[in-house]
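As structure tokens, the structure follows; a few thoughts come after it.
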Amino acid sequence: MAKVHPGADGKDQSGLMGRLGEKSREELLALLEQLVQRQPEIEPLIELLVELPLVPTTQQKKRPGKGRERTIDPSAIQSQVDSAFYHAGEGWDAASRVAADLEQLYDIGKDFAEAGEWANAQVVYATLAEETMTHYEGLHDEGQVSWVLEECAAGLVACLNAQPTLPQNERLGPSAREELLTTLFDLWKFGYKYGGIGEDVAEAMAEHATAQERKSIEAWIREELRPGQDFSSKWHNRHIIDFLATLKQAEHFSDEDVLEEYRKVGLYKEMAEKCLQLGRQNEALAVAQANLTEPMEVTWFAEQLLKSGELWQEQALAFVEVRLGEVKPALQGKPQDFTSAQTIDTYRRWLGEKFLLYGQAKQAVDMELARFQASPDHTTYRSVRSAALATGQPGDLWPDLRPQLIRTLERQGRWGALVSLYLDEKEVSQALAALAEMERTPAAPSYGYRSEGLASHYQAQVAEAAEKSYPDEAIRLYKPVVQRLIDGRGRENYQQATGYLTRIKRLYQKQGQEAEWERYITNLRNSNKSLRALKEELDKRGL
């Protein structure tokens with residue numbers, strides 16, 4: 001039976017049910033008439049509930065002869081769904097309000113299913129699902145409404161699964177089956193577009209559809225295929241072909257048939273993957289060489305080919321090297337072609353890692369040097385260093401290379417990169433010198449920082465590294481960081497500033513310069529008297 005839900009005040013309605021049970025038939029009819037007159041919008045719901053199988057235990061007592069009998073008017077369900085969306089309004093809570101009403105409608109379908117009235121159950125599930133999907137686009141759903149749709153999908157699958165177990169005169173007719181399959185297909189499309197449909201709809205349709213129905217479903221599937229080779233079309237078509245393959249299993253769809261379907265719609269990555277799964281590496285490589293050009297697809301395929309064993313290592317590396325050779329000419333004379341530059345770096349980075357992994361030390365260093373020369377920074381510097389210091393490399397390789405890399409960074413004014421790598425290598429004096437150059441020649445805005453923010457970022461790092469050996473320099477660098485944080489206003493900035501002030505105080509004390517500290521902190525407090533939150537944070541730290 002449909003659930004007895006709490007009333008608007010949250011109280012259980014069982015007390016009301018007991019009172020109604022004491023009324024006579026005539027009194028109940030009069031009450032119902034009064035209710036419809038006062039709230040005419042509930043009349044379709046009452047018409048729907050009238051058809052419910054009102055038996056004590058529907059699980060134990062099916063209603064024979066009712067499997068294909070259809071007494072529910074779909075418009076009654078439609079009006080209830082429309083009303084649920086209309087009265088839910090808008091806002092973040094609308095989906096929860098809609099879902100609560102839709103769940104009650106789903107429960108009606110469940111009651112019919114438990115009574116073996118599959119035709120009525122199918123009408124409720126299908127109409128509820130189709131009408132909900134038409135309203136879904138403008139709803140901010142966090143899973144509440146899609147959960148109801150998933151339950152509808154499960155209910156329709158149960159209807160489909162039940163058909164072979166029923167007597168012939170109880171089974172759904174051709175028209176009802178077509179409606180059921182159409183709704184299941186719409187729910188499958190909803191699932192790959194929005195998610196939330198976990199039921200294996202494709203498998204159920206493939207298993208229980210007749211030969212003629214499979215032809216119709218195949219036509220629906222093929223209508224969904226999209227032309228084009230953009231990412232969205234490929235992603236979409238991959239799901240479509242997977243459904244088609246599932247459907248055609250009943251017709252002994254072969255591996256060759258699957259490959260041909262991939263080829264028809266240009267899913268060459270999937271085609272190559274399928275060939276690899278079948279152990280046909282040569283064919284997979286041929287497909288990749290002829291069709292895969294996107295760097296992520298190229299490196300992905302090379303990774304998969306490497307998994308086939310050592311025999312394919314050379315071919316995998318050569319495949320990426322060829323793609324690298326093809327794209328490099330596109331960059332010549334076009335220093336602002338960032339797309340090609342990024343593609344080249346992707347190939348070089350991948351090859352550098354693999355050369356190092358497979359003991360091809362010289363090739364690894366050459367590849368990382370090429371990356372550094374194209375984009376000198378601390379990241380590519382570290383990559384060269386890792387390759388040059390790898391096992392099997394000559395002992396003098398890195399000592400010879402390092403000065404060359406440093407000179408390149410200095411010539412190009414990459415002072416931030418130099419600060420980072422000097423800190424990484426514990427060369428504090430060089431980091432101080434590079435930071436001094438950076439402060440004299442501020443760089444353009446970078447990585448989301450304004451130039452002064454970037455300098456502040458490095459000043460704090462260098463100051464911390466310099467505390468032990470260069471305390472005066474650390475104090476000097478911390479002070480502008482503190483001032484910028486105070487100028488930035490806000491409690492969080494003040495908290496960070498007091499953290500650095502604590503370090504400054506400790507450094508002054510270690511050098512016996514308490515008087516210098518007192519003058520500094522007194523001046524800082526006096527110059528910022530109006531900042532109440534700053535004073536509070538200073539007091540908390542005892543500064």
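If you're matching positions, the sequence shown starts at 1 in the numbering used here and goes up one per residue.
We treat Cβ as the ideally placed atom computed from N, Cα and C, and that holds for glycine.
Source: prediction; values computed, not measured.
>> When you compare the segment 118-127 with the segment 165-182, are there three or more beta-carbon pairs, one atom per stretch, that lie closer than 8 Å?
In response: yes
>> Less than 6 Å between C-beta atoms, sequence neighbours within five positions excluded: which residues of the same chain meet that for residue 497?
In response: As a first step, residue 497 must be located in the sequence shown, where it is residue number 497. Excluding positions up to five away in sequence, the list reads 482, 485 and 486.
>> So the candidates are 343, 148, 370 and 387; which of them puts its Cα closest to the Cα of residue 356?
In response: Position 356 of the sequence shown, counting from 1, holds the residue named residue 356. Closest by alpha carbon: 387.
> Quick one: what's got a C-beta closer than 8 Å to residue 424's C-beta in the same chain, skipping five residues either side?
Replying inline: The count along the sequence shown starts at 1 and reaches residue 424 at position 424. Same-chain partners within the cutoff: 378 and 382.
>> DSSP three-state label for residue 171, please.
In response: Sequence index remark: in the sequence shown, residue 171 carries index 171 (1-based). Of the three classes helix, strand and coil, the one that applies to residue 171 here is coil, per DSSP.
>> Could you compute how far the alpha carbon of residue 267 sits from the alpha carbon of residue 286?
In response: Within the sequence shown, numbered from 1, the residue matching residue 267 stands at position 267. Within the sequence shown, numbered from 1, the residue matching residue 286 stands at position 286. Taking the straight line from one Cα to the other gives about 14 Å.
>> Among the candidates 361, 269, 414 and 421, whose CA atom is the shortest distance from the CA of residue 395?
In response: By one-based count along the sequence shown, residue 395 stands at place 395. Among 361, 269, 414 and 421, the Cα nearest to that of residue 395 belongs to 361.
> Grouping DSSP H, G and I as helix and E and B as strand, with all else coil, what is residue 493?
Replying inline: For this step, residue 493 is matched to residue 493 along the sequence shown. If DSSP states are grouped into helix, strand and coil, residue 493 belongs with the helices.
> If you draw a straight line from the alpha carbon of residue 247 to that of residue 67, how long is it in whole angstroms?
Replying inline: Reading the sequence shown from its first residue, position 247 is the one you call residue 247. Reading the sequence shown from its first residue, position 67 is the one you call residue 67. One C-alpha to the other measures close to 27 Å.
> Taking DSSP as the reference, what is the three-state secondary structure of residue 60?
Replying inline: Counting from one through the sequence shown, the residue named residue 60 turns up at place 60. Only weak support exists for where residue 60 lies, its pLDDT of 42 falling under 50; the coordinates are left without a value.
> When the distance is taken between beta carbons, is residue 138 closer than 9 Å to residue 109?
Replying inline: Stepping through the sequence shown from its first residue, residue 109 is reached at position 109. Stepping through the sequence shown from its first residue, residue 138 is reached at position 138. In this structure, residue 138 does not lie closer than 9 Å to residue 109 by Cβ.
>> Our contact map puts residue 376 next to residue 339 with C-beta atoms below 8 Å; I'd like the distance itself, whole angstroms only.
In response: The residue you call residue 376 lines up with position 376 of the sequence shown. The residue you call residue 339 lines up with position 339 of the sequence shown. That pair is no contact at about 20 Å.
> Rounded to a whole number of angstroms, what is the C-alpha to C-alpha distance between residue 130 and residue 250?
Replying inline: Here residue 130 corresponds to residue number 130 of the sequence shown, with the count starting at 1. Here residue 250 corresponds to residue number 250 of the sequence shown, with the count starting at 1. Roughly 28 Å between the two C-alpha positions.
> Which word fits residue 428, buried or exposed, when buried means at least 16 other C-beta atoms lie within 10 angstroms of its C-beta?
Replying inline: Residue 428 sits at position 428 when you count from the first residue of the sequence shown. With 16 or more Cβ atoms within 10 Å of its Cβ, residue 428 is classed as buried.
>> Suppose the cutoff is 7 Å on Cβ atoms and the five residues either side in sequence are ignored; what does the same chain contact list for residue 438 look like?
In response: Walking along the sequence shown from the start, residue 438 turns up at place 438. Same-chain partners within the cutoff: 415, 416, 419, 455 and 458.
> Taking buried to mean at least 16 other C-beta atoms within 10 Å of its own C-beta, is residue 354 buried or exposed?
Replying inline: By one-based count along the sequence shown, residue 354 stands at place 354. Under this definition residue 354 is a buried residue.
> Measuring CA to CA, which of 522, 474 and 537 is closest to residue 493?
Replying inline: Against the sequence shown, residue 493 aligns to sequence position 493. Answer by Cα proximity: 537.
> Where does residue 239 fall in DSSP's three states?
Replying inline: Translated into the one-based positions of the sequence shown, residue 239 becomes position 239. Looking at residue 239 - three-state DSSP - the assignment turns out to be helix.
> Quick check: the segment 340-350 against the segment 362-376, are there 3 or more CB pairs under 8 Å?
Replying inline: Cβ pair count under 8 Å is three or more, so yes.
> Between which two residues does the alpha helix (DSSP H) containing residue 523 stretch?
Replying inline: On the sequence shown, residue 523 is found 523 positions in, with the first residue counted as 1. From DSSP, the alpha helix (DSSP H) with residue 523 extends over 514-526.
>> So, at 6 Å on beta carbons, what are the nonlocal neighbours of residue 135 in its own chain, with the 5 sequence-adjacent residues on each side left out?
In response: By one-based count along the sequence shown, residue 135 stands at place 135. Close CB contacts of residue 135 within its chain, under the 6 Å cut and outside five residues either way in sequence, are with 85 (chain order).
>> Residues in the same chain with beta-carbon distance under 6 Å from residue 463, minus the five sequence neighbours each way, listed in chain order, please.
In response: The residue given as residue 463 occupies position 463 in the sequence shown. Taken in chain order, the residues that qualify are 474, 477 and 478.
> Under the three-state reduction of DSSP, which class applies to residue 208: helix, strand or coil?
Replying inline: Looking up residue 208 in the sequence shown gives position 208. Residue 208 falls in the helix class under three-state DSSP.
> With DSSP run on the structure shown, which of helix, strand or coil describes residue 232?
Replying inline: Residue numbering aside, residue 232 sits at position 232 when the sequence shown is read from its first letter. The answer is helix: DSSP assigns residue 232 an H, G or I state.
> Helix or strand or just coil, what does DSSP make of residue 155?
Replying inline: Position 155 of the sequence shown, counting from 1, holds the residue named residue 155. It is helical.
>> Extract the residue ranges of the alpha helix (DSSP H) inside the segment 59-138, only unbroken runs of 4 or more that lie entirely within it.
In response: 74-88, 94-114 and 118-136
>> List, from N- to C-terminal side, the alpha helix (DSSP H) runs of 4 residues or more that fit wholly inside the segment 299-363.
In response: Within the segment 299-363, the complete alpha helix (DSSP H) runs of at least 4 residues are 313-331 and 338-357.
> Does the beta-carbon of residue 491 have 16 or more other beta-carbons within 10 angstroms, so that it is buried, or is it exposed?
Replying inline: If you number the sequence shown from 1, residue 491 lands on position 491. Counting Cβ neighbours within 10 Å, residue 491 comes out exposed, since fewer than 16 surround it.
>> With distance defined between alpha-carbon atoms, name the residue in 245, 225 and 244 nearest to residue 236.
In response: Counting from 1 along the sequence shown, the entry for residue 236 is found at position 236. Per the Cα distances, 225.
> Based on Cα-Cα distance, which residue from 313, 320 and 370 lies nearest to residue 548?
Replying inline: No information on residue 548 is available, as it lies outside the stretch 1 to 543 that the chain covers here.
> In whole angstroms, what is the alpha-carbon distance linking residue 380 and residue 202?
Replying inline: Residue 380 sits at position 380 when you count from the first residue of the sequence shown. Residue 202 sits at position 202 when you count from the first residue of the sequence shown. Approximately 48 Å between the Cα atoms of the pair.
>> What would DSSP say about residue 270, mapped onto helix, strand or coil?
In response: Against the sequence shown, residue 270 aligns to sequence position 270. Helix at residue 270.
> Taking all protein chains shown into account, do 16 or more other C-beta atoms lie within 10 angstroms of the C-beta of residue 191, making it buried, or fewer, making it exposed?
Replying inline: Along the sequence shown, one-based indexing puts residue 191 at 191. Residue 191 is buried by the Cβ-count criterion.
> Taking the alpha carbon of residue 78 as the point to measure from, which residue in 315, 69 and 105 has its own alpha carbon closest?
Replying inline: For the purposes of this step, residue 78 is identified with residue 78 of the sequence shown, where counting begins at 1. The option with the nearest alpha carbon to residue 78 is 105.
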